[in-house]
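Note that the protein sequences, when read in sequence, are chains A and B.
FYI, in my numbering the residues of the first sequence are 1 to 248.
FYI, in my numbering the residues of the second sequence are 1001 to 1265.
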Amino acid sequence: MITLSGVHKTFGPNAVLRGVDLTIARGTSMVVIGGSGTGKSVLLKSILGLVSPDKGLISLDGQDVRKAEREAFLARFGMLFQGGALFDSLKVWENVAFRLMRGPLARPKDQAREIAIEKLRRVGLKPSVADLVPAELSGGMQKRVGLARAIAAEPEIIFFDEPTTGLDPIMSGVINALIREIVVEMGATAMTITHDMSSVRAIADNVAMLHGGVIQWTGPVADMDAATDPYLQQFIHGRSDGPIESVR
Amino acid sequence: MAQGLAPISAALAALGRPVLASLAALGRMTIYGAQTLGHILRPPFYAREFASALLNVGWLSLPVVGLTAIFTGGALALQIYAGGQRFSAEAVVPQIVAIGMVRELGPVLVGLMIAARVTSSIAAEIATMKVTEQLDALVTLSTNPMKYLTVPRVLAGFLCVPLLVGIGDIIGIMGGFLVATGQLGFNPASYIKNTVDFLQTADVVSSLIKGAVFGFIATLIGCYYGMNSGRGAQGVGGATKGAVASASILILAANFILTSVLFGS
């Protein structure tokens, strides 16, 4: 279980997170929604320790993440980055098997390659893609490779940062379905940040809306449409009129 | 009175701000260098990244180093010959070309060429990795970016650049030899003999020491600027520009300090 209590983060004069409280239960899929620039990525990176919160507590299974042994802590996570974040200088299979070729999870090269190809198949890519470099792939294929890399070491917790940004609606649907399938299949805890409502409905068990640096609303995805929170309703229906200012 | 001093105070403040900023940046670079040294001897070691850095910093820099050295050696021979004629000292061309190339021009020009070719490429590559979240991805994959990106490149610079300087010295002397024997009428055998007899071991050692220091500076600064780049294309451009300018200045400053230490007495 991941718990955030009173998490604050400020960049210069800009207070991005102003006391975020959120709980993500083990084995569930939480989707954090919110407008651009509301701090969704900062929230996710704070959990991983890529950004240090100014105040507040983030814990994983009751342990303060700042006190956790870094390598063991990170080994529990997989992450799909917004732009894929694939390493340009490495082949596709080497990207997928990156964690399997270094550190405590290291194994022989042939074995790592086999696992990488199996994971590529799992995300719907042919084995022939394995020896290409990321620049030779389309945006959708790069997202799939990123997804394969995120699940390669079979982590307990997977983070997805804007998984469908920049993809056409069909490819977005494919990625959403893949994420849902993989998370259920692996029994993983998932946290996704997005402002794509079709992703929310496809991926989420629970939804949290981040607005003004705090969690404005949280609850099961099934309750989202019936909720009376005006911020949530404006956001999920994409209306320009409402309490959320459209000009920031 | 106080009002009268205000413009002077403002001017001094305007002058002081960039000085303080430069000193702060130098301090951060020094800390970054110390952290890099701290990581060099501690595992894990990334052999493939190191081999790739050796190729990029060393082997692929050979053409630019060779061309720079041969033209500089040739021009140096012409200049010394023309200058020497003024006091009937044309015969010193082999000796001055040799000492000029080995002690100063070889290391400095190779250092500056490495700053232009390697520092810029390292800064742009790492800055792009930062902008595209590849550095964050490395961290989430339990890999320390300093160990994976900085250490192999800095080690390659430290080891390769002295070799490049040695090669540059030889090619530069050959440039002078070709011009002196082909154009200025020097006897090839006596040119080589004069060169070899005149050069001392200390000259060559100083050249290699300078190469090692310049290689360390050039690669370290490229990594530092890449890791600390701003956002977007402008951030990458700024990191590259800053890295080349800083590396070039630091190489010239280090050259002065090393020359003072090695030959000052």
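Each residue gets a CB set at the ideal place from its N, CA and C atoms; glycine is no exception.
Next on the checklist: Classify I1031 of chain B: buried if its beta carbon has 16 or more other beta carbons within 10 angstroms, exposed otherwise.
Outcome noted: exposed
Next on the checklist: Can you find the residues in the same chain that come closer than 6 Å, C-beta to C-beta, to V32 of chain A, ignoring five residues on each side of it along the sequence?
Outcome noted: K40, I193, A208, L210
Item to check | alpha helix (DSSP H) runs contained entirely in the segment 113-182 of chain A, provided each spans 4 or more residues | outcome: 139-151
Checklist entry - Between G1230 of chain B and I1249 of chain B, what straight-line distance do the alpha-carbon atoms span, to the nearest angstrom? => result 22 Å
Checklist entry - Mind listing which residues of the segment 1104-1138 of chain B have their C-beta closer than 7 Å to chain A's C-betas, in chain order? => result T1132, E1133, Q1134, D1136, A1137
Checklist entry - In this structure, does DSSP put H8 of chain A in helix, strand or coil? => result strand
Item to check | Member of B:L1026, B:V1204, B:L1076, B:S1061 whose CA lies at the smallest distance from the CA of R1117 of chain B | outcome: The shortest C-alpha separation from R1117 of chain B is found at B:S1061.
Item to check | Inter-stretch contact (C-beta, 8 Å, three-pair minimum) for the segment 142-154 of chain A and the segment 89-100 of chain A | outcome: yes
Checklist entry - Which bits of chain E does S1142 of chain B rub up against, with CB to CB less than 7 Å? => result Absent from the structure is chain E; the protein chains it does hold are A and B.
Item to check | Bounding residues of the beta strand (DSSP E) (the contiguous stretch that carries I24 of chain A) | outcome: 14-24
Checklist entry - Taking buried to mean at least 16 other C-beta atoms within 10 Å of its own C-beta, is G1264 of chain B buried or exposed? => result exposed
Checklist entry - Can you find a CB in chain A that lies within less than 8 Å of the CB of P1275 of chain B? => result Limits of chain B in this structure are 1001 at one end and 1265 at the other, which puts residue 1275 of chain B out of reach.
Checklist entry - Roughly how many angstroms lie between the CA atoms of G49 of chain A and V1102 of chain B, to the nearest whole one? => result 49 Å
Next on the checklist: Can you pull out the residues from the segment 43-58 of chain A whose beta carbon lies closer than 9 Å to at least one beta carbon of chain B?
Outcome noted: K45, L48, G49, L50
Checklist entry - Are P127 of chain A and L137 of chain A closer than 8 Å when you measure CB to CB? => result For P127 of chain A and L137 of chain A, no; Cβs fall outside 8 Å.
Checklist entry - Can you round the beta-carbon distance between F1256 of chain B and A1212 of chain B to whole angstroms, since I take them to be within the 8 Å contact cut? => result Between A1212 of chain B and F1256 of chain B the Cβ distance is about 17 Å, and since that is not below 8 Å, they are no contact.
Item to check | Those residues which DSSP pairs with G250 of chain A across a bridge | outcome: With chain A represented from 1 up to 248, any question about residue 250 of chain A goes unanswered, as that position is not in the structure.
Checklist entry - Between the segment 64-71 of chain A and the segment 227-243 of chain A, do three or more beta carbon pairs fall short of 8 Å? => result Judged by Cβ distances under 8 Å, the segment 64-71 of chain A makes no contact with the segment 227-243 of chain A, as fewer than three pairs qualify.
Checklist entry - Mind checking whether A227 of chain A and W217 of chain A have CB atoms under 8 Å apart? => result Going by C-beta atoms, A227 of chain A is nearer than 8 Å to W217 of chain A.
Item to check | Cross-chain neighbours of G83 of chain A in chain B, by beta carbon under 8 Å | outcome: T1132, E1133
Checklist entry - With distances taken between CB atoms, is the gap from S36 of chain A to H195 of chain A smaller than 8 Å? => result yes
Checklist entry - Which chain A residues are close to P1044 of chain B, counting only those with a beta carbon under 8 Å from its beta carbon? => result In chain order, R102, G103 make up the part of chain A whose C-beta sits under 8 Å from the C-beta of P1044 of chain B.
Checklist entry - Taking C-beta to C-beta, are F87 of chain A and Q1085 of chain B nearer than 8 Å? => result no
Next on the checklist: Can you look up K55 of chain A in the DSSP assignment and give me helix, strand or coil?
Outcome noted: Strand, per DSSP.
Next on the checklist: On a Cα-Cα basis, can you pick out the residue from A:P220, A:T23, A:M79, A:V200 that is closest to F235 of chain A?
Outcome noted: Between F235 of chain A and the set A:P220, A:T23, A:M79, A:V200, the nearest pair of CA atoms involves A:V200.
Checklist entry - Going by alpha carbons, who is nearest to K1147 of chain B out of B:R1017, B:T1036, B:L1026, B:T1132? => result It is B:T1036.
Item to check | Where T1132 of chain B falls: helix, strand or coil (DSSP) | outcome: coil
Item to check | Contact under 8 Å by Cβ, P1152 of chain B with G1215 of chain B | outcome: no
Checklist entry - Which residues in chain B sit within 7 Å of M79 of chain A, going by Cβ to Cβ distance? => result T1140
Checklist entry - Going by the beta-carbon positions, is the gap between G1176 of chain B and L1020 of chain B smaller than 8 Å? => result Note that the C-beta distance between G1176 of chain B and L1020 of chain B is not below 8 Å.
Checklist entry - For the segment 144-172 of chain A, which residues have a CB atom closer than 7 Å to at least one CB atom of chain B, in sequence order? => result none
Checklist entry - Quick one: any contact between the segment 1168-1187 of chain B and the segment 1101-1115 of chain B, if contact means 3 or more CB pairs under 8 Å? => result Yes: at least three Cβ pairs fall under 8 Å.
Checklist entry - Among A:L132, A:L22, A:Y231, which has the Cα closest to the Cα of S89 of chain A? => result A:L132
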